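So the sequence lines, in the order shown, correspond to chains L and G. Count along the first sequence from 1, add 1014, and you get the number used in this note's numbering. Count along the second sequence from 1, add 1, and you get the number used in this note's numbering. Quick reminder that beta carbons are idealized off the backbone N, C-alpha and C, glycines included. Computed from a predicted structure; not experimentally measured. Below you'll find the structure, written out as structure tokens, and then a few comments.
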Amino acid sequence: MSVTSGPPTTPTPPAPAPNPDTVTLTIDGQAVTVAKGTNVLEAARTLGIDISAFCYHPGLPIVAQCRQCLVSVEKNPKLQPSCQQVCGDGMVVHTTDKQSTLARQQMLEFTLVNHPIDCPICDKAGECTLQKLYFEHDNHDSRVDTPKVEKDKAVDLGPHIVLDQERCILCSRCIRTCDVVAGEHQLEFAHRGDHEVLTTAPGAQLDNAYSLNTVDVCPVGALTAKDFRFTMRAWELEATPSVCNGCATGCNIEIHHKQGRAWRLVPRHNPDVNDYWMCDEGRFTYHDLREKRLAAPLVDGLPAGWDRALRMAADRIKSALTDSSTVGVVLSAVCSNEDNFALAKLAQAWGVRQFLIAGKPPVPARADGRLRAADINPNTNGVKAIADALKITIKPSSDPGVLAGLRMLIVLGDVLPGYEFDPGRTNPLEIIAISAHERAHVGNARVALPACDWAELAGTITNAKGHVQRMHAAFSPPGHAIPGWEAAVRLGAVTNVKLTWTHAREVFKDMCAAVPAWSSLTWAREARPLALRFAGSRG
Amino acid sequence: MAAPRDVTSLKQLVLGRKDVQDLSDTETELPHELMTVNMGPSHPAMHGTVRIVLSVDGERVVKSDVQPGYLHRCFEKESEHATYTQVFPYTDRLNYVSPMINNVGWAMAVEKLMGLTARIPKRTEYIRVIVSEMSRITDHLTCIGASAMELGAFTAFLYFLKSREWFYELLEKVSGARLTHSYVRVGGVAKDLPDNFDADLTRTLNETEKVMVEVEGLLNNNKIFRDRMAGIGAMTKQEALATGCVGPIARACGVDYDVRKDYPYSIYPEVEFDVPVGTTGDCYDRYLVRIEELKQSIRILRQCLKQIPDGPTMVDDPRCSLPPKRDTYNTIESMIRHFKHIVDGIKVPAGEGYSFVEGGNGELGFFIVSDGTGRPYKAYCRSPSFVHLSTASQLIHNHLIADIVPIFGMINMIGGECDK
């Protein structure tokens, strides 16, 4: 005997799937075929039916803890948590019948009983799953007239995170995130009933290298990042897809920014690279976008216009090229493929034969077999691929003696190991720099040309696995900065080398034609910033 | 060869190009070629800002190019980036002499998509009709007063604007703003009518009737006024229908079409009123139709004051009604709902719908496409002024330049509504 309160069973159940690896089921009257082992919640999402859920996260183990995703399955006496219910052949699921609708409403009402009235001061407001689900699935008035249970409002969990125990809805996503992503069980629930709280072990901290992922997955504002809390309202931000430049892994991220300033970086799903996660260190790289920026060209350390800077650079380069063996060009593992390719092509046209590669020194302690790599340069692989394709031999700039005998260096990027900053400007080595930041060798440069940093750039970088990944420009660069490849084009124009690129995609096209492994790559359309206000919830 | 003419008397007439003695006989006459004259965009008689490039033969218009768009504010595009509630201030700026009707029109279109039309409380409907009719009165008072002034009848202008100010003051009491009311909300109105509204409005209506007697006495059989209006800018019924004219302009041509009667909405079926229809379709008939509509609006208002019931001013639906402030500050449920209404906007089910009301100038329609989010996917405004302005070129054809003024005045092109 079947016990359901839903609408009558669909008269003709779908025919069994011929493929043994798939199952076909019916959800709200629509047939859907999914891979074997898929849960009902994911199957419903493929149909555009968004079953409400708090504790389910596609990247985490399933625990069916929040009971928010209950649906009625025919021939099943009780409601089933759709996140845990594996799809079966011929299964008939109802998500909008009276019973499961009521269950969702009641679960929300239950969740809200002790939820504090914090929306105006909560960092999650505007991208909060609890707000979203209440508004879409319940939207009823409160029936509670007893005081709410009071808990700790600001528990310092670790170096990056503060917990508000009152806001916590006990979904355990953060606990599982620490387990799965960092491999460290640092969070746990303590006490029972409405006194249950999230906590660390006594004396222990939430201090793993991936701890801020817990903030992302938190469906409410219980876990907040010290770096972001009370700085910016989520709904005023815009999101632009990009790639983290913190290390060679190249985690896919979104830059959340407003009016030309980044406020946080959050991971973007990419199963081939970073899944749903990124490390804490990578998240803080956006601070550097505002550090010591080069906003105008410098000639001998003083601001100058582009015209004068280029004239001076042309003059010095032409003079140095009379003996091209004394000129070196430094490609950069911290700059994009396009920037490196453009400068390399320019240098070849000049007849330069000395090529170096500059990058930050590796940090072996970082490598953990998860997302953090020892190489903290985003594009080491890209530079190598370009150099191979152009038949250039590149030596690391930090190798002893490689700078000896050189009269001039044309340097991309803001790092140059092997070169010591020279406050007295006594070093005869003349430097022409293309850099986003005024640091290291750039302070000694005869001419420094301001370039876009990674968040301002449309371009690609190549990660340790060889993925060529696209970054989109989130906002405009400061002052008179231009993309690095364009600086190379301008340098070419004043030194009688005609480079015809007018857009990064043209550089990209020529580059892909030159590098055999990249010949099938295409340039994606520019992504427009997405206003988070209308993007629904995150987490 | 004829003896040189005495041209000294002509000397001061011919300026610039040639010496007078070099002119031929015909050239000393006034030239017969057409002259191009710009009327507007900034001209006291160009209501709002509109430019007409006139080709005139003497004083007669032989060709005209009407160029609107100077007040384009991207109403429709801007609406795509605002929540449904945030669009109300934009609608205020469409026909800014009758903003309440625009408010009501937008609210009705959204309510249609949400399936709320039949659930709006009675008192709310009455309030909406009251403020709409008050707005219609301010609209017609402005139109007639300004047109009369442009024909030299400054007294009528002052009398009507005095009366209009009474209505504005009353609407300010209702909404808090004299002109840009933003008073209506999806599902209701922002707040109830103020204390003593009944007595205030009754007094205002009585006083306005007296003013109308005075102004009608000044204008109706005034020879100058009639000479400038009668037979000017006439349009036939067929032309009115063919060009899509609505409202007082179409009714002056004999088209018996009024949205309030033909597609009754709100509580219009519960009040008695007549729809005046003209015969000649000229400026004078348009004037008379508007005068009669003023009287009918007063009639409607008096009935509304008598019939208005007590009750809520907002539909009881959590999808669009804000919770009471007391609850917002004291329960998380109401706090979230309030937050979502303000930040994300009212969620309107996916679909599309067109809803229209009788505006000051005729059928004012809003077409909305919703994708189920808090803001319109597309919004379109069917603004009567835009349609009416498209007939302007044809109406002023072959008239004198001076006739453009009454024709334009009676088209009552409102820049904000026409240019959107």
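Residue i, enclosing beta strand (DSSP E) - first and last residue
i                       : result
residue 1445 of chain L : 1444-1449
residue 1202 of chain L : 1201-1204
residue 233 of chain G  : It is not in any beta strand (DSSP E) - residue 233 of chain G carries neither H nor E in the DSSP assignment.
residue 1382 of chain L : No beta strand (DSSP E) contains residue 1382 of chain L, which DSSP labels as neither H nor E.
residue 54 of chain G   : 52-58
Run of the alpha helix (DSSP H) containing residue i, from where it starts to where it stops
i                       : result
residue 155 of chain G  : 155-176
residue 134 of chain G  : 123-151
residue 203 of chain G  : 198-220
residue 1421 of chain L : Segment: none, residue 1421 of chain L is in no alpha helix (DSSP H) and carries neither H nor E.
residue 405 of chain G  : 402-412
residue 330 of chain G  : 326-331
residue 1395 of chain L : 1394-1403
Buried versus exposed call for residue i [16 or more other C-beta atoms within 10 Å across all chains shown]
i                       : result
residue 89 of chain G   : buried
residue 340 of chain G  : buried
residue 1473 of chain L : buried
residue 1053 of chain L : buried
residue 1366 of chain L : buried
residue 1547 of chain L : buried
residue 1386 of chain L : buried
residue 1360 of chain L : buried
residue 348 of chain G  : buried
residue 1438 of chain L : exposed
residue 417 of chain G  : buried
residue 1096 of chain L : buried
residue 315 of chain G  : buried
residue 357 of chain G  : buried
Reduced DSSP category for residue i - H, G, I as helix; E, B as strand; rest coil
i                       : result
residue 1271 of chain L : strand
residue 92 of chain G   : helix
residue 377 of chain G  : coil
residue 1242 of chain L : coil
residue 284 of chain G  : helix
residue 1333 of chain L : helix
residue 382 of chain G  : strand
residue 1108 of chain L : strand
residue 1357 of chain L : helix
residue 86 of chain G   : coil
residue 8 of chain G    : Because residue 8 of chain G sits at a pLDDT of 47, beneath the cut-off of 50, its placement in the model cannot be relied upon, and the following sentence gives the value as read from the coordinates. Here residue 8 of chain G sits in coil by DSSP.
residue 1532 of chain L : helix
residue 71 of chain G   : coil
residue 258 of chain G  : coil
residue 1024 of chain L : Here the model assigns residue 1024 of chain L a pLDDT of 48, short of 50, so the residue's position is not dependable, and the following value carries that caveat. DSSP places residue 1024 of chain L in coil when its eight states are reduced to three.
residue 97 of chain G   : coil
residue 1461 of chain L : strand
residue 297 of chain G  : helix
residue 1114 of chain L : helix
residue 390 of chain G  : helix
residue 1514 of chain L : coil
Proximity to residue i [Cα-Cα], best of the options
i                       : options                       : result
residue 98 of chain G   : G:73, G:210, G:145 and G:68   : G:145
residue 1042 of chain L : L:1253, L:1061 and L:1050     : L:1061
residue 375 of chain G  : G:403, G:189, G:159 and G:320 : G:320
residue 1166 of chain L : L:1174, L:1288 and L:1180     : L:1180
residue 383 of chain G  : G:105, G:419, G:215 and G:87  : G:419
residue 273 of chain G  : G:358, G:252, G:296 and G:281 : G:296
residue 956 of chain L  : L:1363, L:1430 and L:1341     : The shown model of chain L, from 1015 to 1553, leaves out residue 956 of chain L, and the question about it has no answer.
Interface partners of residue i on chain L, CB under 7 Å
i                      : result
residue 411 of chain G : The premise fails here: residue 411 of chain G is roughly 44 Å from chain L at the closest Cβ pair, so nothing lies under 7 Å.
residue 125 of chain G : In chain order: nothing, as chain L lies at least about 21 Å away.
residue 374 of chain G : 1548
Partner residues on chain G for residue i, Cβ-Cβ distance less than 9 Å
i                       : result
residue 1133 of chain L : 333, 336, 337, 339 and 340
residue 1483 of chain L : Simply none; closest approach about 30 Å.
Chain L residues whose Cβ lies nearer than 9 Å to that of residue i
i                      : result
residue 143 of chain G : What residue 143 of chain G touches in chain L: nothing, since even the nearest Cβ is about 38 Å away.
Closer than 8 Å at the beta carbon, the chain L residues around residue i
i                      : result
residue 186 of chain G : Residues of chain L passing the Cβ test: none, with the nearest at roughly 17 Å.
Listed by chain order, chain G residues near residue i by CB distance under 7 Å
i                       : result
residue 1126 of chain L : 333 and 334
Contacts of residue i in chain G (Cβ-Cβ under 8 Å)
i                       : result
residue 1156 of chain L : 328, 332, 333, 334 and 335
residue 1129 of chain L : 333
residue 1149 of chain L : 337, 338, 341, 345 and 348
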